[in-house]
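Start counting the sequence shown at 0; every next residue gets the next number (numbering that gives the first Met the number 0).
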Amino acid sequence: MFARVNFLLKVEVAKAKAELIKSISSLRRNGKSIGFVPTMGALHQGHLSLIEKCLEDNDLVVVSIFVNPTQFDNAEDLDKYPRTLAQDITLLKTLSSFKIMVYAPSVEDIYGGTVDAVNYDFDGLEYEMEGAFRMGHFDGVGTIVKRLFEIVKPDFAYFGEKDFQQLQIIKKLVKKHEIPVKVIGCPIFRAANGLAMSSRNSRLKPDYKKEAPFIYKILTTAKLKFGTKSANKVTEWVIKQFEAHKLLNLEYFTIADVETLKPIKRKSKKKQYRAFIAVYADDVRLIDNIALN
Ligand code: PAF
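Here's what the structure looks like:
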């Protein structure tokens with residue numbers, strides 16, 4: 000049914016949706032719960048924390064590994080995105096579970112002949128922050144996640160809060176399209192120095208890697224400042240810190256309402272806010288965010 004990776008197999012790999020669907024359907028018929036962690040591979044501790052939570056909650060875990068072309072607005076970024084399937088499978092085996100199935104499809108298996116994104120209306124969530132700087136990004140994310148949900152038909156799906164805007168958009172996708180899955184947001188997994196885990200970190204050159212924890216340092220200080228200062232004052236302070244930084248270039252820093260993702264106008268005790276940031280470390284684009292209240 001599944002291509003065996005080696006003799007002592009703990010993780011099974013399906014390269015085609017037909018294989019995956021066949022295996023999952025018998026489990027589903029037996030009333031097993033199916034958890035799903037969609038990824039683009041180059042797995043790290045952040046992914047593993049999602050998968051571990053998913054393993055705790057479900058009888059079977061499906062991890063998809065697919066670098067989705069339609070969510071990249073930049074051909075070079077797509078080209079340079081790390082692809083490490085063999086290494087990813089080795090890492091998954093360290094989780095010592097017999098409950099993991101990897102779905103690592105080809106572009107053809109997902110998209111057929113036409114590699115196009117559907118145009119979605121996410122009630123404006125898609126135009127803020129990442130959506131403003133990466134044209135069509137969330138159409139690509141919506142397209143692939145909906146397609147993967149249709150194939151895997153999970154009971155629960157797990158997404159990291161590092162991509163908080165993506166998480167809100169996927170919740171909206173599920174609600175608007177009445178997809179029968181519960182979306183679970185999981186906390187950001189950070190290295191000891193505060194840097195949010197990301198597949199892109201592996202592309203950081205040594206000097207940039209050393210400096211990248213500055214992003215979280217700024218976010219934590221911004222959070223403190225937000226206690227007593229206006230969002231504008233905090234934003235001005237953040238901009239100055241990056242202007243003075245020799246290696247890191249700020250793309251945006253926004254304090255936004257977690258529900259609408261619109262930039263804050265006036266603080267309200269009834270609302271929840273997060274600070275969102277995107278930074279270039281040379282040609283590597285890093286994003287992060289922090290809850291402010
Ligand atoms: O967060 C990611 O890795 C991707 O955007 C996702 C959800 C796997 C869709 O390609």
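For glycine and all other residues, C-beta sits at the position ideal for the given N, C-alpha and C.
What separation, rounded to the nearest whole angstrom, lies between the Cα atoms of lysine 216 and serine 48? 22 Å
Counting Cβ pairs, one atom from each stretch, are 3 or more of them under 8 Å apart for the segment 176-194 and the segment 13-32? no
Tyrosine 80, DSSP secondary structure in three states: coil
Are the segment 193-203 and the segment 168-179 touching by the rule of at least three beta carbon pairs closer than 8 Å? no
Under 7 Å from any heavy atom of the ligand PAF, does the C-beta of glutamine 167 make it? Not under cutoff, so the answer is no.
Kindly indicate which residue of Asp256, Ala195, Asp122, Asp115 has the alpha-carbon position closest to the one of histidine 43. Ala195
Tell me which same chain residues have a C-beta within less than 7 Å of the C-beta of isoleucine 263, skipping the five on either side of it? Ala230, Ile254, Ala255, Asp256, Tyr272
Supposed contact pair leucine 91 and leucine 54 - C-beta distance, whole angstroms, cut 8 Å: Going by Cβ atoms, the distance from leucine 54 to leucine 91 rounds to 10 Å, so no, they are not a contact pair.
Is proline 37 near the ligand PAF - that is, is its Cβ less than 7 Å away from at least one heavy atom of it? Correct: proline 37 has its Cβ closer than 7 Å to the ligand PAF.
Write down every uninterrupted run of the alpha helix (DSSP H) in the segment 99-123 whose length is 4 residues or greater and which is fully enclosed by it, in chain order. 106-110
On the three-state DSSP scale, how would you describe glutamate 11? strand
Which parts of the segment 16-59 are runs of the alpha helix (DSSP H), unbroken and 4 residues or longer, counting only runs that do not cross its ends? Runs found: 16-28, 44-56.
So, is histidine 176 buried or exposed, given that buried needs 16 or more other C-beta atoms within 10 angstroms? exposed
Under the three-state DSSP convention, the category glycine 184 falls into: strand
Of all the beta strand (DSSP E) runs that stay within the bounds of the segment 150-179, which reach a length of 3 or more residues? Within the segment 150-179, the runs of beta strand (DSSP E) that reach at least 3 residues and sit entirely inside it are, in chain order, 155-159.
Identify every residue that forms a DSSP beta bridge with serine 267. BP columns for serine 267 are empty, so no partner.
Could you check whether aspartate 154 and isoleucine 33 sit closer than 8 Å to each other, using their CB atoms as the reference points? yes
Can you list, in chain order, the residues of its chain whose CB lies under 6 Å from that of alanine 290, leaving out five sequence neighbours each side? Arg273
Could you work out which residue in Glu75, Val106, Lys209, Phe71 is closest to serine 63 when comparing CA atoms only? Val106
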